[in-house]
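J.: Under this note's numbering, the first residue of the sequence shown carries the number 163, and numbering increases by one thereafter.
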Amino acid sequence: MRILRSTVAAALTGLLALTLSPSAVTPAAVADHVNGSPGPVHAGNTFGWYQHGVFRQEFVGPKPGFWKQTGRGVVRTQNGMLTLMSTRKGSVSAKLDLPGHTYGRWEIRMRARRMETVKGGRNFKVVTELVPGGTRDQHCGGRDIGLENFTLGTNTVKSYVHTLPNNSFRGFKGRHLRNDRWHTYGVEVAKDHISWFVDAHVVHTERRDAALDPVPRQLKFELRALRGKTMHPSRMQMDWMRYWTMRAPNERSVKAPAFELSKYNGAC
């Protein structure tokens, strides 16, 4: 009996040591959400933004009048989601027609898919951007900040910060984007940096002066077509969107690699 008790005690001690060993457990605080499966968390609660100054859209009920449609297709609320449905020709977008913000945090939860395949058709780009608000000059995208930008059928999502005259600070992340997979995307625009978040994980933080372009911006969703081409009819859906002020300090570090610097030749 003494031998049995000693054996059991030794086994329990070893199991406890294994359970408490830092090498045996990955703490939730340092979990890599980008490389793992997206969970219920998002950057707003992970980094503590939710504590102050939130503007939220849950897309329940009729579409608010301040979501302005441009282009061919349909923009409506559907089953608690803001839904963009394209046609075979041309782009369709929805822009938040409210006063913009120079600084703050924006985050969305979205998915997209191709609804139909047509002969000779091309895939849409799925794009969420912060664009100059109100009647400000859009400079053909030359001052836009991308929360997400990817081509349907691919599994790489892009973010960018465009500044005049032709700068493009950009980053890329591999994600499973097909078949209506949900992901969250966010940006934090501060006086001294811009950070990009995917599935509650900071991916890039840019601090170079040339990327810091203070102008009030507002959110825009778009299914972007290739000019003059026949497109595969597609759908883009947003479960929710949030805007928070910069009042709440980040509860985690936003230290991350800088964007790569390239050129945006479409500015005007």
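For every residue, glycine included, the Cβ atom is placed at its ideal position computed from N, Cα and C.
With a threshold of 16 other CB atoms inside 10 Å of the CB of Trp-358, please say whether the residue is buried or exposed.
T.: If you number the sequence shown from 1, residue 358 lands on position 196. Per the 10 Å Cβ criterion, buried.
J.: Tell me whether the beta-carbon of Met-272 lies closer than 9 Å to the beta-carbon of Glu-310.
T.: For the purposes of this step, residue 272 is taken as the residue at position 110 of the sequence shown. For the purposes of this step, residue 310 is taken as the residue at position 148 of the sequence shown. Between Met-272 and Glu-310, the gap from beta carbon to beta carbon is short of 9 Å.
J.: Using DSSP's beta-bridge definition, name the partner residues of Ser-415.
T.: Your numbering for residue 415 matches position 253 in the sequence shown. When DSSP reads this structure, Ser-415 sits in no beta bridge, so it has no partner.
J.: Any idea what DSSP makes of Gly-206, helix, strand or coil?
T.: By one-based count along the sequence shown, residue 206 stands at place 44. If DSSP states are grouped into helix, strand and coil, Gly-206 belongs with the helices.
J.: Assess, as a yes-or-no matter, whether the stretch 274 to 294 is touched by the stretch 305 to 319 under the definition of 3 or more beta carbon pairs within less than 8 Å.
T.: yes
J.: Could you say if the stretch 319 to 330 and the stretch 406 to 420 meet the contact criterion of at least three C-beta pairs nearer than 8 Å?
T.: Note that the stretch 319 to 330 does not touch the stretch 406 to 420; fewer than 3 beta-carbon pairs, one per stretch, sit closer than 8 Å.
J.: Leaving out the 5 sequence neighbours to the left and right, which residues in its chain are closer than 6 Å to Ala-420 when beta-carbon positions are compared?
T.: As a working note, residue 420 is residue 258 in the sequence shown. Glu-368, listed in sequence order.
J.: Is His-394 helix, strand or coil when you go by DSSP?
T.: Position 232 of the sequence shown, counted from the start, is the residue given in the question as residue 394. Coil, per DSSP.
J.: DSSP three-state label for Leu-423, please.
T.: As a position in the sequence shown, residue 423 is number 261, starting the count at 1. Reduced to three states, the DSSP call for Leu-423 is strand.
J.: By DSSP's criteria, Glu-384 is part of a beta bridge. Which residues make up the other side?
T.: The residue you call residue 384 lines up with position 222 of the sequence shown. According to DSSP, which records beta bridges pairwise, Glu-384 is partnered with Ser-255 and Val-289.
J.: Closest to Thr-279 by CA distance: which of Gln-213, Leu-260, Arg-250 and Gln-380 is it?
T.: Taking the sequence shown and counting its residues from 1, the one referred to as residue 279 is at position 117. It is Arg-250.
J.: For the beta strand (DSSP E) holding Lys-335, just list the boundary residues, first then last.
T.: By 1-based counting over the sequence shown, the position of residue 335 is 173. 329 to 336 is the span of the beta strand (DSSP E), which, as asked, contains Lys-335.
J.: Where Pro-189 and Trp-344 are concerned, what is the direct C-alpha to C-alpha distance, given to the nearest angstrom?
T.: Sequence index remark: in the sequence shown, residue 189 carries index 27 (1-based). Sequence index remark: in the sequence shown, residue 344 carries index 182 (1-based). Residue placement at Pro-189 cannot be trusted, given a pLDDT of 32 that sits under 50; the coordinates are not used to answer.
J.: Which residues share a DSSP beta bridge with Leu-228?
T.: Locating residue 228 in the sequence shown gives position 66, where the first residue counts as 1. Per the sequence presented here, residue 228 reads as Phe, with Leu not at that position. None, per the DSSP bridge assignment.
J.: Which of the three DSSP states is assigned to His-355 in this structure?
T.: Start at 1 with the first residue of the sequence shown, and residue 355 comes out as number 193. In the structure shown, His-355 sits in coil (DSSP, three-state: anything other than H, G, I, E or B).
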